[in-house]
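Peer 1: Residue numbers (the working numbering): -19 to 226.
Mind having a look at this structure? Questions to follow.
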Ligand code: OAD
């Protein structure tokens, strides 16, 4: 059972944009991952049923790319904010690259799973796998020999319930919600900003571009996250410790 965060807390939703300055491709826009791939061919249960090797080649390329990247000032700033606020901080990410953890964030709600976990499609056993490159695609389960898939939430699949519930509780109770580097078009993650706004939180967006979430935002930084995160972190601390907090 998840424990609701206390009042005066900060909740954060991040997306691929926060990792862009680390050198990772975003999904949408020019040069985005979905420009070169049809989602249904790589990130959908039907793709897996049809051609697991093609699916794995796509995720293997993501693993190789992510393994060569380091967290940037955006990730590091959020890790610092967590250390300052302790239990009054929740970070939910749509990213599967693991860079928040590498930056020092201790508690990360990985809404869409992780590139670094695999799950057996036969026995359901899930495990960490950080071997890059993988010697054989698809990898096989050591317990039963079944094919392992990336432990990633594909289109048409449901988010892990406990993880999304914890993110929703944090969004609905926080004083301040930061939405960072996401196009805010994929549900249910994008709904967290609306849940926060409906709950009376301040909502701040960091994104060079306007998004569907912009309409519920009280403050906006139209800039790359790494360039402004230090300032946003200081302002967030002032906000939750000041009169504006609840
Ligand atoms: P998108 O690629 O849809 O959006 C990336 C966002 O980051 C855009 O709004 C950019 O304007 C913004 N951006 C780019 N560079 C930035 C920077 N340096 N700082 C801040 N923002 C920047 O990525 P997501 O919103 O994360 O799901 O996509 C959501 C989900 O769609 C992903 O988790 C993935 C994808 O399909 C799955 O694969 C299940």
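Here a beta-carbon is modelled for each residue, glycine too, at the ideal position from N, C-alpha and C.
1) Pick out whichever of 33, 148 and 59 has its Cα sitting closest to the Cα of residue 82.
2) Hey, residue 164 and residue -9: beta-carbon distance below 8 Å or not?
3) Who does residue 158 pair with in a DSSP beta bridge?
4) Closer than 8 Å by C-beta to residue 85: which residues in its own chain qualify, once you throw out the five before and the five after it? Chain order, please.
5) Drop a sphere of 10 angstroms on the beta-carbon of residue 18, count the other beta-carbons inside from all chains shown, and report buried for 16 or more, exposed for fewer.
6) Helix, strand or coil for residue 163, going by three-state DSSP, please let me know.
7) Cα-Cα, which of 49, 13 and 128 is closest to residue 102?
8) Report yes if the C-beta distance between residue 123 and residue 105 is below 8 Å; otherwise report no.
9) So does residue 144 have its beta carbon nearer than 7 Å to some heavy atom of the ligand OAD?
10) Find out if the Cβ-Cβ distance for the pair residue 147, residue 220 is shorter than 8 Å.
11) Check whether the Cβ of residue 94 lies closer than 7 Å to any heavy atom of the ligand OAD, and answer yes or no.
12) Please state if the CB of residue -3 and the CB of residue 161 are separated by a distance shorter than 8 Å.
13) Going by DSSP, name the residue or residues bridged to residue 199.
14) Check whether the Cβ atoms of residue 196 and residue 158 lie closer than 8 Å to each other.
15) Pop quiz: residue 130 and residue 98 are said to be a contact at Cβ under 8 Å. What is the actual Cβ separation, rounded to whole angstroms?
16) Could you tell me the alpha carbon to alpha carbon distance between residue 223 and residue -6, rounded to whole angstroms?
17) My guess is that residue 73 and residue 91 are in contact by the Cβ rule of under 8 Å, so how many angstroms apart are they, rounded?
18) Can you look up residue 223 in the DSSP assignment and give me helix, strand or coil?
Peer 2: In this structure, then:
1) As a working note, residue 82 is residue 102 in the chain shown. Checked all of 33, 148 and 59; the closest Cα to residue 82 is 59.
2) As a first step, residue 164 must be located in the chain shown, where it is residue number 184. As a first step, residue -9 must be located in the chain shown, where it is residue number 11. No. Outside cutoff.
3) Taking the chain shown and counting its residues from 1, the one referred to as residue 158 is at position 178. Beta-bridge pairing links residue 158 to -8 and 184.
4) The residue labelled residue 85 in the question sits at position 105 within the chain shown. The residues are 55, 58, 59, 62 and 71.
5) In the chain shown, residue 18 corresponds to position 38, counting from 1. Residue 18 counts as exposed, since fewer than 16 other beta carbons sit within 10 angstroms of its beta carbon.
6) Counted from its first residue, the chain shown places residue 163 at position 183. In the structure shown, residue 163 sits in coil (DSSP, three-state: anything other than H, G, I, E or B).
7) Reading the chain shown from its first residue, position 122 is the one you call residue 102. Among 49, 13 and 128, the Cα nearest to that of residue 102 belongs to 128.
8) Walking along the chain shown from the start, residue 123 turns up at place 143. Walking along the chain shown from the start, residue 105 turns up at place 125. Going by C-beta atoms, residue 123 is nearer than 8 Å to residue 105.
9) Here residue 144 corresponds to residue number 164 of the chain shown, with the count starting at 1. Checking every heavy atom of the ligand OAD against the Cβ of residue 144, none is found closer than 7 Å.
10) As a first step, residue 147 is located in the chain shown; it is residue number 167 there, counting from the start. As a first step, residue 220 is located in the chain shown; it is residue number 240 there, counting from the start. Not closer than 8 Å, so no.
11) As a working note, residue 94 is residue 114 in the chain shown. False, no ligand heavy atom lies under 7 Å from that Cβ.
12) Position 181 of the chain shown, counted from the first residue, corresponds to residue 161. Position 17 of the chain shown, counted from the first residue, corresponds to residue -3. Yes. Within cutoff.
13) Translated into the one-based positions of the chain shown, residue 199 becomes position 219. DSSP, once it has assigned bridges, lists 184 as partnering residue 199.
14) Here residue 196 is taken as the residue at index 216 of the chain shown, counted from 1. Here residue 158 is taken as the residue at index 178 of the chain shown, counted from 1. No. Outside cutoff.
15) Position 150 of the chain shown, counted from the first residue, corresponds to residue 130. Position 118 of the chain shown, counted from the first residue, corresponds to residue 98. Rounded, the Cβ-Cβ distance is 6 Å, consistent with contact.
16) Here residue 223 refers to the residue found at position 243 when the chain shown is read from its first residue. Here residue -6 refers to the residue found at position 14 when the chain shown is read from its first residue. Low confidence applies here, because residue 223 scores a pLDDT of 45, under 50, leaving its location unreliable and the question unanswered by this model.
17) Translated into positions along the chain shown, residue 73 becomes position 93. Translated into positions along the chain shown, residue 91 becomes position 111. Their Cβ separation, rounded to whole angstroms, is 7 Å, which keeps residue 73 and residue 91 in contact under 8 Å.
18) Residue 223 sits at position 243 when you count from the first residue of the chain shown. Low confidence applies here, because residue 223 scores a pLDDT of 45, under 50, leaving its location unreliable; read the following figure in that light. Reduced to three states, the DSSP call for residue 223 is coil.
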